[in-house]
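Going by mature numbering (1 follows the signal peptide of the UniProt record, and there is no 0), the letters in the sequence shown line up with residues -30 to -1, 1 to 182, in that order.
Even for Gly, the Cβ is constructed at its ideal location relative to N, Cα and C.
Given the structure is predicted, the values throughout are model-derived calculations rather than measurements.
Report on one structure; see the data block that follows.
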Amino acid sequence: MRRARPRLTPPSRRLFASLGLASLLSLAWTACKPAAAPEAPPSADEPAVPVALTTAIFVRHGEKAADDPRDPSLSPAGEARAQALADLLARAGVTHLFASEYRRTQATLRPLADASDLQITVLPAAAPQELVAALRALPAGAVAVVAGHSNTVPALIGALGGQVRDTVDAGGQPALPDGAYDRLFFVTLPAAPASGPTQTLELRYHPNTPTP
């Protein structure tokens, strides 16, 4: 025998109608509500924030004149090389200049100093540790140019963790060959001494003028 369905009284019908309408409105609101953007989980492969490194550019002084056996100035060829260096590094963003106490190293940087409105910091050639400490103390992103000598440039680069090839022996120390004036070394220092290797890049500029 089929059981008769209970009949709803008018108030009950209104209650069910209200509940049905509320459910429909709730579903419509949920469908129309913009979904919150899911938060991406941190990834171990995300690139690290780049750190500005320090660059030191080493160069030997230009060709020497014969006016003073101990502290010569630059010859015309050396002066032309100094100007070529200034032209080469005009857009390199140079921030610091270092030279030894000798006239030829300071004269090698003079055109670049004048063009970039920078002062030349003079440090003694016999105290390389002072220059190494000054370079390591430069702010991140600095670009320094160092004018040294044939027997100081390789040792300075080595003290910073770089390497110079094709050197000659000078009293037990590596040195640039006497006639080599066109070698230019870009040394990139890591953000911290133990954070990575020092990179050394060698270029040639303004080919040597044959000595008559």
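Looking at the secondary structure, which residues open and close the alpha helix (DSSP H) in which residue i lies?
| i | result |
| --- | --- |
| GLN169 | No alpha helix (DSSP H) contains GLN169, which is instead part of the beta strand (DSSP E) from 169 to 174. |
| THR78 | 73 to 86 |
| GLN50 | The sequence shown places Ala at residue 50, not Gln. Its alpha helix (DSSP H) spans residues 46 to 58. |
| VAL102 | 98 to 106 |
Suppose you measure from the CA of residue i to the CA of residue j; what does that come to, to the nearest Å?
| i | j | result |
| --- | --- | --- |
| LEU108 | PRO160 | 12 Å |
| LEU79 | GLY141 | 28 Å |
| ASP57 | ALA83 | 11 Å |
| PRO39 | TYR175 | 26 Å |
| ARG74 | PRO46 | 12 Å |
| ARG135 | VAL123 | 12 Å |
| residue 183 | ASP41 | It is not possible to answer for residue 183, since the shown part of the chain is limited to -30 through 182. |
| ARG106 | GLU100 | 10 Å |
Considering only residues of the same chain and omitting the five flanking positions on each side of residue i, which have a CB-CB separation below 8 Å?
| i | result |
| --- | --- |
| ALA77 | HIS31, GLY32, SER43, LEU44, GLY48, GLU49, ALA52 |
| SER120 | ARG30, ALA140, ALA145, LEU146, PRO147, ASP148, ALA150 |
| ILE90 | LEU67, PHE68, ALA69, GLN76, LEU79, ARG80, ALA83 |
| ALA(-3) | Here the model assigns ALA(-3) a pLDDT of 43, short of 50, so the residue's position is not dependable, and the following value carries that caveat. For ALA(-3), where only same-chain residues beyond five positions count, there are no Cβ hits under 8 Å. |
Leaving out five residues before and five after residue i in sequence, what residues of the same chain have Cβ atoms less than 7 Å from its Cβ?
| i | result |
| --- | --- |
| THR(-1) | With a pLDDT of 46 at THR(-1), under the threshold of 50, the predicted position of this residue should be treated as unreliable, though the coordinate-derived value follows. For THR(-1), where only same-chain residues beyond five positions count, there are no Cβ hits under 7 Å. |
| TYR151 | ARG30, GLY32, GLU33, ARG51, ASN178 |
| VAL138 | ALA145, PRO147 |
| VAL102 | LEU126, ALA129, LEU130 |
| GLN143 | ASN121, ALA125 |
Does the separation of the CB atoms of residue i and residue j fall below 8 Å?
| i | j | result |
| --- | --- | --- |
| ALA125 | PRO147 | no |
| VAL157 | ILE127 | yes |
| ALA110 | ALA36 | no |
| TYR72 | ALA104 | no |
| ALA60 | ALA85 | yes |
| THR25 | VAL113 | yes |
| ALA62 | ALA117 | no |
Since residue i is in the beta strand (DSSP E), which residue starts that stretch and which ends it?
| i | result |
| --- | --- |
| GLN143 | 143 to 145 |
| LEU130 | Neither: LEU130 is in no beta strand (DSSP E) and is coded neither H nor E. |
| LEU67 | 66 to 69 |
| ALA26 | 24 to 30 |
| ARG153 | 153 to 159 |
| VAL134 | Here VAL134 belongs to no beta strand (DSSP E), and DSSP marks it neither H nor E. |
| THR91 | 90 to 92 |
Leaving out the 5 sequence neighbours to the left and right, which residues in its chain are closer than 6 Å to residue i when beta-carbon positions are compared?
| i | result |
| --- | --- |
| VAL115 | ILE27, VAL64, LEU67 |
| GLY131 | THR168 |
| LEU173 | LEU154 |
| LEU88 | LEU67 |
| GLY166 | PRO160 |
Per the DSSP calculation, residue i is bridged to which residue(s)?
| i | result |
| --- | --- |
| ASP139 | PRO144 |
| GLY111 | Paired residue(s): none; GLY111 is not in a bridge. |
| ALA117 | VAL29, ALA69 |
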